[in-house]
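2 protein chains.
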Amino acid sequence: MARKSGYAIGLDFGTESVRALFVDLEGNQVGAAVVKYKHGQITRTLPTSGAKLPPDYALQHPNDWIDGASRAVRKALKISGVPAREVIGIGVDFTSCTMLPTLADGTPLCVDRRFAKVPLAWPKLWKHHGAETQTDRINLVARRRKETFLKRYGGIIGLEWFFPKVLETLEGAPKVYAAAEVWLEAGDWFVWQLVGGEAKDLPRSTCQAGYKAMWSKADGYPSTAFFRALNPAMAHVVRDKMPGRLVAPGELAGVLTPTMARKMGLPAGVPVSAAIIDAHVGVPGAGADKPGTLVMVLGTSSCHMLNSTEDCFVPVVAGIVEDGILPGYFGYETGQAAVGDAFDWLRVMLGQRNFDQITESARAVPAGSDGVLCLDWMNGCRTPLMDGSLKGGFMNLTLNHTPGHLYRALLEASAFGLRWIIEQCQEHGVRVDKLVATGGLPHHNPLLVQIYADVLGKSITVHPCQYGPALGAAILGVMVAGKKASGFASPGAAIRTMAAPRKNVPGRQAVVVRPVHADRKAYDRAYRRYRNLADMAVAASKQE
Amino acid sequence: MARKSGYAIGLDFGTESVRALFVDLEGNQVGAAVVKYKHGQITRTLPTSGAKLPPDYALQHPNDWIDGASRAVRKALKISGVPAREVIGIGVDFTSCTMLPTLADGTPLCVDRRFAKVPLAWPKLWKHHGAETQTDRINLVARRRKETFLKRYGGIIGLEWFFPKVLETLEGAPKVYAAAEVWLEAGDWFVWQLVGGEAKDLPRSTCQAGYKAMWSKADGYPSTAFFRALNPAMAHVVRDKMPGRLVAPGELAGVLTPTMARKMGLPAGVPVSAAIIDAHVGVPGAGADKPGTLVMVLGTSSCHMLNSTEDCFVPVVAGIVEDGILPGYFGYETGQAAVGDAFDWLRVMLGQRNFDQITESARAVPAGSDGVLCLDWMNGCRTPLMDGSLKGGFMNLTLNHTPGHLYRALLEASAFGLRWIIEQCQEHGVRVDKLVATGGLPHHNPLLVQIYADVLGKSITVHPCQYGPALGAAILGVMVAGKKASGFASPGAAIRTMAAPRKNVPGRQAVVVRPVHADRKAYDRAYRRYRNLADMAVAASKQE
Chain L
470 MARKSGYAIG LDFGTESVRA LFVDLEGNQV GAAVVKYKHG QITRTLPTSG
520 AKLPPDYALQ HPNDWIDGAS RAVRKALKIS GVPAREVIGI GVDFTSCTML
570 PTLADGTPLC VDRRFAKVPL AWPKLWKHHG AETQTDRINL VARRRKETFL
620 KRYGGIIGLE WFFPKVLETL EGAPKVYAAA EVWLEAGDWF VWQLVGGEAK
670 DLPRSTCQAG YKAMWSKADG YPSTAFFRAL NPAMAHVVRD KMPGRLVAPG
720 ELAGVLTPTM ARKMGLPAGV PVSAAIIDAH VGVPGAGADK PGTLVMVLGT
770 SSCHMLNSTE DCFVPVVAGI VEDGILPGYF GYETGQAAVG DAFDWLRVML
820 GQRNFDQITE SARAVPAGSD GVLCLDWMNG CRTPLMDGSL KGGFMNLTLN
870 HTPGHLYRAL LEASAFGLRW IIEQCQEHGV RVDKLVATGG LPHHNPLLVQ
920 IYADVLGKSI TVHPCQYGPA LGAAILGVMV AGKKASGFAS PGAAIRTMAA
970 PRKNVPGRQA VVVRPVHADR KAYDRAYRRY RNLADMAVAA SKQE
Chain H
470 MARKSGYAIG LDFGTESVRA LFVDLEGNQV GAAVVKYKHG QITRTLPTSG
520 AKLPPDYALQ HPNDWIDGAS RAVRKALKIS GVPAREVIGI GVDFTSCTML
570 PTLADGTPLC VDRRFAKVPL AWPKLWKHHG AETQTDRINL VARRRKETFL
620 KRYGGIIGLE WFFPKVLETL EGAPKVYAAA EVWLEAGDWF VWQLVGGEAK
670 DLPRSTCQAG YKAMWSKADG YPSTAFFRAL NPAMAHVVRD KMPGRLVAPG
720 ELAGVLTPTM ARKMGLPAGV PVSAAIIDAH VGVPGAGADK PGTLVMVLGT
770 SSCHMLNSTE DCFVPVVAGI VEDGILPGYF GYETGQAAVG DAFDWLRVML
820 GQRNFDQITE SARAVPAGSD GVLCLDWMNG CRTPLMDGSL KGGFMNLTLN
870 HTPGHLYRAL LEASAFGLRW IIEQCQEHGV RVDKLVATGG LPHHNPLLVQ
920 IYADVLGKSI TVHPCQYGPA LGAAILGVMV AGKKASGFAS PGAAIRTMAA
970 PRKNVPGRQA VVVRPVHADR KAYDRAYRRY RNLADMAVAA SKQE
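Shown next as structure tokens:
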């Protein structure tokens, strides 16, 4: 099929701002703009009343999403010089689980005069941690009822997920719950605003639903009986308050309404993809169209994602979702809870202004850190243990050890945690053929990537893109534009062409980090000792 | 008995220098001088040949001891203005096990032309670590032969002790071993120089012999069969190369010879006590005349000592020696391998120029360090586990923890280690009634002393003396002067009068640190968790 001309827009909704990226069908950036949310994260006082919020609250203002995105698209459009009529598709990625209650017409409850001063009527940001007791109960009830959905989530429902936040609202602000006609993810809400339509048809992403709302293609949402056991008032939450249809990312949610088109300076009728979670969009964003490529999004924490043709029961993943990342595959999500932020915590602990000195010292320390062992669970263990109560540590210290030893041991612990995850996947039949690192960290921390490669004994491709999520979202836009408009015969062709590294194109060249095999033996020994220490720490935590 | 006038001299031989202290019979300092050894620690090259020494060597020059002590006594005498004839006794404490080979007349082999260029002919300083393989063999053979002396030393013979150094010389420089007519501790050698006499009568301290040469009053030295099993050439080392008689510290070794009297500017005939180890002299130096007072000498490492009327089998002490500290008692020695040096290591690790900031932060952290647990085994575990291969660590770390948490957790670990030791003593029938802290650290680190008091639930008396060891040595001098000269009816009376804190005498007032009982529960919990962690670390070290 002949290559077409045209442009796609990726809208990447982060915690503080939204980015609009315009790309051509080669994946080249032609315009981009970032707009900060006017209200940012709402963590201290409510904008309407000035009322003080509890310490674990984190809310957002839905107008910021509409205003921010509209301004970002207009700016990027202007910068690009692209004729608006040549935009062939739009994709949206969003933080998750960021969610809100609305009326049947999509109006957020928090902009309704009756509820504007009730904190729990506001959109709860992913990191809102107000639902601790509800999460505990959800896990207790699910385990007691032997709910089969648990096995898709490593046995644990997360504090930041969808139903904990719904239940928190039901129990903390029953009037808000009663008035809510629709509960939905912010990403889905935004796409619904773009494409319009009735609530019963609103396009809910299989990604958000699968990873955060215990939905699966085979079984749907949890049962009425389960919800009744949580709280009788919530028994029919799905039937009564979660209208819509499930659509995979890269599948058509609808087309741009005239109203939203006007706001954004675009023509009406542009195809829009179902939303995707900002982490999971890293898979198409890194050019990974094939199953078996583990895309590691490395930042404050890390998210490792993988598509597979197989639905294997892997007990240690944060989520397994059919059509969860790309249509037609089972998407596996794993991750580590403290990566960049643990490195930064240690840097501050060691009295260092930047990473220069400890990086240099850590480089001089041999593989295995002269015996120092670390557990990188300073923010709990996400995968493989799914236990947020676990804690980190450094062992085997002597008076001869230096800050460089601690820092290297922490980097190695991060690599050992990843090796553990990959081994578990492979033992349960999920192939991991290729490793791609993306996100900010691999560019800033080459020592980390080298240690990952050495510990895993595998090359790692550091993806060159600086806007991985926005690019991935734009690719979803291309996918829904259809073959005729894009010229791509398959989703894979779009992903490869637009996002895979290219040897001879400036800005698209990947760095491939190869393992230093001489270090392998030392790492193998250290890995066994790490696993022993991990076992002991788990045993100790159970004693307490 | 009426109080007499008169003065005693304490000679305190440290690693770098010797201190001479003149005190009156109230324990008041009337003159003091410190003289650095001309050759200091000989660790790099031999003074005679310039030959490079192996990295674990640490030697000394015997002339430094004679010259240094003579100059220090003359200086202190001059400063004091005391008439030399009023000196009634001399006591000597010395680092241990610092030891040397001599000819039958006391001439050190290293000053004999034949051996001056042989490193192993020189006095080995306590910290000389050249005997690793020999120490391993000694422990192996002792365990295999089920030697009963092991139980007096927590089951382990130390790398720094007497016979490892003898065996090292036999195997590394057999001609030196063959030429040696006397092997002895440096403290005993110095006392022998002071009092003269033939080798067969040379006064060997029961303290040095008991704590470092596996001697006991009941059983003497290890058997010929044991030494033969180590190395047939060493079978008769005690009979052939260790002449002398055993004398307790505070018992008369002899009187000052005219030759040494001339060198020091003192009258001949002054009574001289048998030597004592520089740590153990802290007991009389802290005014602890009664059994049941634990004297904690806190510095780089710590030594906790206790006299008891009972000979109990305590499996966790570094040494139990009858007449080992004071005549008539069983002296118990325990200790922790990393105290001040671990604190300093952590301070440097955390990028702190001094302790001000981390001390302030640690004070603000509640008892139990918000869950952070430390094992203070960065230099191995001396007591209670007697395992130098154990290592330290920090566990239960989260991203919320700060340098103050690590520092407080380390101080608490030190206190927990002490509590463990004391509990073990008490469980095996050794009473601990009173706690006295001495050495440099308690004066500089009041937070440590407070945490010790809180964790133990007992008041701690911080002894005011700045020259504890030298004062303790001087008291041994008073003890050998006899009742008639000193006016003291008993050793206890001399110790109490001369070294116990006094409420109304400036410079003699003790600080008594009382436990804050509110913190006790938190510490009890943390202590149980510390013991669990210790068990796990020991199990892990055995796996490796």
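So the protein sequences, as listed, match chains L and H.
To convert, take the position in the first sequence, counting from 1, and add 469; that gives the working numbering.
To convert, take the position in the second sequence, counting from 1, and add 469; that gives the working numbering.
A virtual CB, placed ideally from N, CA and C, is assigned to each residue, including glycine.
Cβ separation of residue i and residue j, assumed to be a contact under 8 Å, to the nearest whole Å
i	j	result
Val-817 (chain H)	Gly-623 (chain H)	Not really, about 31 Å apart at Cβ, beyond 8 Å.
Gly-808 (chain L)	Gly-857 (chain L)	In the sequence on display, residue 808 (chain L) carries Val and not Gly. 15 Å between Cβ atoms; not a contact.
Arg-1014 (chain L)	Arg-714 (chain L)	The requested residue 1014 (chain L) does not occur in the structure, where chain L is confined to residues 470 to 1013.
Gly-961 (chain L)	Asp-758 (chain L)	4 Å
Ala-649 (chain L)	Leu-589 (chain L)	About 10 Å; that fails the 8 Å criterion.
Thr-564 (chain H)	Thr-484 (chain H)	6 Å
His-912 (chain L)	Pro-970 (chain L)	Not really, about 13 Å apart at Cβ, beyond 8 Å.
Val-739 (chain L)	Val-899 (chain L)	The Cβ separation is near 36 Å, so there is no contact.
Phe-799 (chain H)	Asp-780 (chain H)	5 Å
Val-607 (chain H)	Leu-636 (chain H)	Checking the sequence shown, residue 607 (chain H) turns out to be Ile, not Val. That pair is a contact at about 7 Å.
Met-445 (chain H)	Val-949 (chain H)	Within the shown structure, residues of chain H are numbered from 470 to 1013, placing residue 445 (chain H) beyond reach of any answer.
Lys-586 (chain L)	Ala-541 (chain L)	No, Lys-586 (chain L) and Ala-541 (chain L) are not in contact; Cβ-Cβ is about 30 Å, not under 8 Å.
Short Cβ contact (8 Å threshold) for residue i with residue j
i	j	result
Gly-537 (chain H)	Tyr-506 (chain H)	yes
Gln-805 (chain H)	Ser-771 (chain H)	yes
Leu-842 (chain L)	Asn-869 (chain L)	no
Tyr-646 (chain L)	Glu-555 (chain L)	no
Gln-662 (chain H)	Ile-535 (chain H)	yes
Ala-836 (chain L)	Asp-747 (chain L)	no
Pro-592 (chain H)	Leu-569 (chain H)	yes
Trp-658 (chain H)	Gly-599 (chain H)	no
Gly-756 (chain H)	Ile-964 (chain H)	yes
Thr-597 (chain H)	Lys-634 (chain H)	The identity of residue 597 (chain H) in the sequence shown is His, whereas the question assumes Thr. Their beta carbons are under 8 Å apart, which means His-597 (chain H) touches Lys-634 (chain H) by this criterion.
Tyr-996 (chain L)	Arg-888 (chain L)	yes
Residue i burial status per 10 Å Cβ neighbour count (16 or more: buried)
i	result
Arg-513 (chain L)	exposed
Thr-728 (chain L)	exposed
Asn-914 (chain H)	buried
Gly-941 (chain H)	buried
Gly-656 (chain H)	buried
Asn-973 (chain L)	exposed
Asp-481 (chain L)	buried
Asp-1015 (chain L)	Residue numbering for chain L in the displayed model covers 470 to 1013; residue 1015 (chain L) lies beyond these limits and cannot be assessed.
Met-470 (chain H)	Low local confidence applies: a pLDDT of 45 at Met-470 (chain H) is under 50, so the model's placement there is unreliable, and no value is given.
Arg-613 (chain L)	exposed
Gln-529 (chain H)	buried
Gly-797 (chain H)	exposed
Gln-935 (chain L)	exposed
Asp-902 (chain L)	exposed
Val-752 (chain H)	buried
Heavy atom of the ligand PLP within 7 Å of residue i beta-carbon
i	result
Arg-697 (chain H)	Of the ligands one can find in the structure shown there are none, so the ligand PLP has no counterpart to examine.
**Prompt:** Do the region 685-705 of chain H and the region 805-824 of chain H touch if we need at least three Cβ pairs shorter than 8 Å?
**Reply:** no
**Message:** Pairs of beta-carbons, one from the region 740-751 of chain H and one from the region 714-730 of chain H, closer than 8 Å: are there three or more?
**Reply:** yes
**Message:** Taking 8 Å as the cut-off, does the region 489-507 of chain H touch the region 528-548 of chain H (at least 3 CB pairs, one atom from each stretch)?
**Reply:** yes
**Request:** Counting only runs of 4+ residues fully inside the region 903-948 of chain L, write out the alpha helix (DSSP H) ranges in chain order.
**Result:** 910-913, 915-925
**Unbroken stretches of the alpha helix (DSSP H), 4 residues or longer, contained in the region 729-803 of chain H** = 751-754
**Item:** Length at least 4, wholly inside the region 611-658 of chain H: the alpha helix (DSSP H) runs in chain order
**Value:** 631-641, 643-648
**At least 3 beta-carbon pairs within less than 8 Å: the region 825-835 of chain L vs the region 924-936 of chain L** = no
**Request:** Could you tell me whether the region 998-1012 of chain H touches the region 935-949 of chain H, where touching means 3 or more Cβ pairs closer than 8 Å?
**Result:** no
**Message:** Under 8 Å, with one C-beta from each stretch per pair, do the region 772-781 of chain H and the region 790-806 of chain H reach the 3-pair mark?
**Reply:** yes
**Request:** Starting from the N-terminal side, write out each stretch of the beta strand (DSSP E) that is 3 residues or longer and does not extend beyond the region 837-897 of chain L.
**Result:** 842-844, 861-866
**Prompt:** Along the chain, which unbroken stretches of the beta strand (DSSP E) at least 3 residues long are found entirely within the region 961-989 of chain H?
**Reply:** 980-982
**Request:** Tell me the start and end of each unbroken alpha helix (DSSP H) in the region 700-732 of chain L that is at least 4 residues and wholly inside, in chain order.
**Result:** 706-710
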